[in-house]
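*Asks:* Questions regarding the structure given below will be posed in turn.
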């Protein structure tokens, strides 16, 4: 009995660390993009922890009911970054831009909620074939690999020259997690991610030091602020972007749920799971807007984590989600948790993407790869990934809406795959 309790506690702790690792990097990136102060980044981190924990709990308990982490979406980050560039050329302040983004997340949230509650999302499922889902997961993996590699070398949160110790620690953690998850036995395999992060954090303290960290509020307890960036704002560009972006959010949910069902034994994807996951995703976006954070989505990378650790049970996941939301009320604890080096978190998460690439391949080959499907796959990947390699501001001369769309390779690639699958029917 005691051993079982100890195992449950370790499972909760590992889920907590995984939730933390997925929550910590992107708020810091966005903070630097918009020139937020140390205190503003600290409160953004606090609100992110709260929303990630609450949103993941809602999905795990009431939504799709899988142990899938909701986290800041890389696809939303690209919209944040593009809007930050546009705001500079149009003479807007950072806060005005962030208020517009709040408005966009509310629109997307309302659309998701309505599609899920009414069950209309089921009428869109024919668009998301295994080829579309597999292509989405593959492009997402490539996008995340760029973010995590950047984090692993220490460039995502700093403009200072790279410290040699940082990539050494990062790649050591990456290969350690990969080795333990493939060659490890028993608890070494089950807790590969936790072990990797723990050893990486210790090596970081010994070789790099504590780092700059973030500035914490002096209060003992602080409730996450509502509309910290100001009240939401709307314009035609963000409304149209949110409507189009909803297709990406639906494909994200479908991909995450399908990926997890492939990993957990005897779990099938049912229409009710997708309906619940969609309307719960709408609530998550409304929460993201209300608490002024990056939009959170079900992270398909969770399937890779579960495949490595064999953490199939939902209860430890739900406890960890609640714990993350609770600790967000304590600024001193938030500051301590924010001490987890971004490069260590990035390295551990990079290792879980390997499994996601495998899941994407499994989706792609579910149907025979004839000439038609190979062509669709090739066009999708070449254009989607190619757009991601372009420098920022490449489309600055185009209308704002086109900048939103073309600046997001994941969005363009998914739309291309959907259109070609529907227009080019098998002969």
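Residue numbers (the working numbering): 2 to 428.
A virtual CB, placed ideally from N, CA and C, is assigned to each residue, including glycine.
Model, not experiment: these values are computed from the prediction.
1) Measure the Cβ-Cβ separation of residue 77 and residue 296 and say whether it is below 7 Å.
2) DSSP state of residue 366, grouped into three classes?
3) Where does the unbroken beta strand (DSSP E) through residue 299 begin, and where does it stop?
4) Round the Cβ separation of residue 308 and residue 16 to the nearest angstrom and send it over; I've been treating them as touching at under 8 Å.
5) For residue 338, I'd like the list of residues in its chain whose CB is within less than 8 Å of its CB, leaving aside the five on either flank, ordered along the chain.
6) If you check the beta carbons only, do residue 201 and residue 345 fall under 7 Å apart?
7) Please work out which residues of its chain come closer than 6 Å, Cβ to Cβ, to residue 57, disregarding the five sequence neighbours upstream and downstream, and give them in chain order.
8) Please list the terminal residues of the continuous beta strand (DSSP E) segment that includes residue 72.
9) Just to confirm before moving on: does the CB-CB distance between residue 301 and residue 254 stay below 7 Å?
10) Count the other CB atoms within 10 Å of the CB of residue 280; is the residue buried (16 or more) or exposed (fewer)?
11) So, using beta-carbon positions, are residue 247 and residue 405 closer together than 7 Å?
12) Would you list, in sequence order, the uninterrupted alpha helix (DSSP H) runs of no fewer than 4 residues that lie entirely inside the stretch 175-213?
13) What are the uninterrupted segments assigned as alpha helix (DSSP H) that are 4 or more residues long and contained completely in the stretch 114-175, given in chain order?
14) Given a threshold of 16 other Cβ atoms within 10 Å of its Cβ, counted over all protein chains shown, does residue 210 qualify as buried or as exposed?
15) Look up residue 274 in the DSSP assignment and say whether it is helix, strand or coil.
16) Buried or exposed for residue 244, going by 16 or more other Cβ atoms inside 10 Å?
17) What does the Cβ neighbour count give for residue 133, buried or exposed, with the cut at 16 atoms within 10 Å?
18) Please report the straight-line C-alpha distance between residue 160 and residue 30, rounded to a whole angstrom.
19) Do residue 140 and residue 359 have their beta-carbon atoms positioned less than 7 Å apart in this structure?
20) Relative to the alpha-carbon of residue 177, which residue among 348, 415 and 367 has its alpha-carbon at the smallest distance?
21) Closer than 7 Å by C-beta to residue 288: which residues in its own chain qualify, once you throw out the five before and the five after it? Chain order, please.
22) Suppose you measure from the CA of residue 40 to the CA of residue 335; what does that come to, to the nearest Å?
23) Among 19, 18 and 48, which one has its Cα closest to the Cα of residue 32?
24) Residue 374 and residue 65 - do their beta-carbons sit closer together than 7 Å?
25) Quick check: the stretch 351-367 against the stretch 135-151, are at least 3 beta-carbon pairs closer than 8 Å?
26) Applying the 10 Å Cβ sphere with the 16-neighbour rule, what's the burial state of residue 101?
27) Ignore the nearest five residues each way along the sequence and tell me which others in residue 157's own chain have a CB closer than 6 Å to its CB.
28) Specify the secondary structure class of residue 66 as computed by DSSP and reduced to three states.
29) State the start and end residues of the unbroken alpha helix (DSSP H) segment that holds residue 317.
30) Return yes when the Cβ of residue 136 is within less than 7 Å of the Cβ of residue 1, no when it is not.
31) So what's residue 312 in DSSP terms, helix, strand or just coil?
32) Determine the DSSP secondary structure at residue 107, reduced to helix, strand or coil.
33) Cα separation between residue 306 and residue 194?
34) Ignore the nearest five residues each way along the sequence and tell me which others in residue 261's own chain have a CB closer than 6 Å to its CB.
35) Whose C-alpha, out of 416, 43 and 12, is nearest the C-alpha of residue 229?
36) Between residue 123 and residue 410, how many whole angstroms is the CB-CB distance? I'm expecting something under 8 Å.
*Replies:* For this structure:
1) Mapped onto the chain shown, residue 77 falls at position 76. Mapped onto the chain shown, residue 296 falls at position 295. Closer than 7 Å, so yes.
2) What you label residue 366 is simply residue 365 of the chain shown in a count that begins at 1. In this structure, residue 366 counts as coil in the three-state DSSP scheme.
3) Walking along the chain shown from the start, residue 299 turns up at place 298. Residue 299 -> beta strand (DSSP E) spans 297-299.
4) In the chain shown, counting from the first residue as 1, residue 308 sits at position 307. In the chain shown, counting from the first residue as 1, residue 16 sits at position 15. With 8 Å as the limit, residue 308 and residue 16 do not qualify as a contact, their Cβ atoms being about 15 Å apart.
5) Here residue 338 is taken as the residue at index 337 of the chain shown, counted from 1. Here the set comprises 21, 25, 50 and 328.
6) For the purposes of this step, residue 201 is taken as residue 200 along the chain shown, with counting starting at 1. For the purposes of this step, residue 345 is taken as residue 344 along the chain shown, with counting starting at 1. It is a contact, given that the beta carbons lie within the stated cut-off.
7) As a working note, residue 57 is residue 56 in the chain shown. The answer, listed in chain order, is 70, 71 and 322.
8) Taking the first residue of the chain shown as 1, we reach residue 72 at position 71. For residue 72, the enclosing beta strand (DSSP E) starts and ends at 71-73.
9) Along the chain shown, read from residue 1 onward, the residue named residue 301 stands at position 300. Along the chain shown, read from residue 1 onward, the residue named residue 254 stands at position 253. No, Cβ-Cβ distance for residue 301 and residue 254 is not below 7 Å.
10) Residue numbering aside, residue 280 sits at position 279 when the chain shown is read from its first letter. Answer is buried; the Cβ neighbour count reaches 16.
11) The residue given as residue 247 occupies position 246 in the chain shown. The residue given as residue 405 occupies position 404 in the chain shown. Not in contact: residue 247 and residue 405 (Cβ atoms no closer than 7 Å).
12) 188-191 and 193-208
13) 131-153
14) Counting from 1 along the chain shown, the entry for residue 210 is found at position 209. Under this definition residue 210 is an exposed residue.
15) Looking up residue 274 in the chain shown gives position 273. Residue 274 falls in the helix class under three-state DSSP.
16) Counting from 1 along the chain shown, the entry for residue 244 is found at position 243. Classification for residue 244: exposed.
17) Position 132 of the chain shown, counted from the first residue, corresponds to residue 133. Looking at its Cβ environment, which holds 16 or more other Cβ atoms inside 10 Å, residue 133 is buried.
18) Sequence index remark: in the chain shown, residue 160 carries index 159 (1-based). Sequence index remark: in the chain shown, residue 30 carries index 29 (1-based). For residue 160, the predicted model reports a pLDDT of 47, less than 50, meaning its position is unreliable and no value from the coordinates is stated.
19) Numbered from its first residue, the chain shown carries residue 359 at position 358. Numbered from its first residue, the chain shown carries residue 140 at position 139. No, Cβ-Cβ distance for residue 359 and residue 140 is not below 7 Å.
20) For this step, residue 177 is matched to residue 176 along the chain shown. Of the candidates 348, 415 and 367, the one whose C-alpha sits nearest the C-alpha of residue 177 is 348.
21) Residue mapping note: residue 288 aligns to position 287 of the chain shown, counting from 1. 52, 55 and 56.
22) For this step, residue 40 is matched to residue 39 along the chain shown. For this step, residue 335 is matched to residue 334 along the chain shown. The alpha-carbon atoms of residue 40 and residue 335 are separated by roughly 12 Å.
23) Position 31 of the chain shown, counted from the first residue, corresponds to residue 32. Per the C-alpha coordinates, the member of 19, 18 and 48 positioned closest to residue 32 is 48.
24) Start at 1 with the first residue of the chain shown, and residue 65 comes out as number 64. Start at 1 with the first residue of the chain shown, and residue 374 comes out as number 373. Taking 7 Å as the Cβ cut-off, residue 65 and residue 374 do not qualify as a contacting pair.
25) yes
26) Taking the chain shown and counting its residues from 1, one reaches residue 101 at position 100. Burial call: buried.
27) Within the chain shown, the letter at position 156 stands for residue 157. With a pLDDT of 44 at residue 157, under the threshold of 50, the modelled position of this residue cannot be trusted; read the value that follows with caution. So the qualifying residues of the chain are 30 and 151.
28) Position 65 of the chain shown, counting from 1, holds the residue named residue 66. Note: residue 66 maps to coil in three-state DSSP.
29) Working through the chain shown from its first residue, we reach residue 317 at position 316. 315-328 is the extent of the alpha helix (DSSP H) around residue 317.
30) For the chain, the structure presents residues 2 to 428; residue 1 sits outside this window and is missing.
31) Along the chain shown, one-based indexing puts residue 312 at 311. Three-state result, residue 312: coil.
32) Here residue 107 refers to the residue found at position 106 of the chain shown. The answer is helix: DSSP assigns residue 107 an H, G or I state.
33) Position 305 of the chain shown, counted from the start, is the residue given in the question as residue 306. Position 193 of the chain shown, counted from the start, is the residue given in the question as residue 194. Those two C-alpha atoms are separated by around 8 Å.
34) By one-based count along the chain shown, residue 261 stands at place 260. So the list reads 67, 69 and 304, once near-sequence residues are dropped.
35) As a first step, residue 229 must be located in the chain shown, where it is residue number 228. Out of 416, 43 and 12, 43 has the C-alpha closest to the C-alpha of residue 229.
36) Along the chain shown, one-based indexing puts residue 123 at 122. Along the chain shown, one-based indexing puts residue 410 at 409. With 8 Å as the limit, residue 123 and residue 410 do not qualify as a contact, their Cβ atoms being about 28 Å apart.
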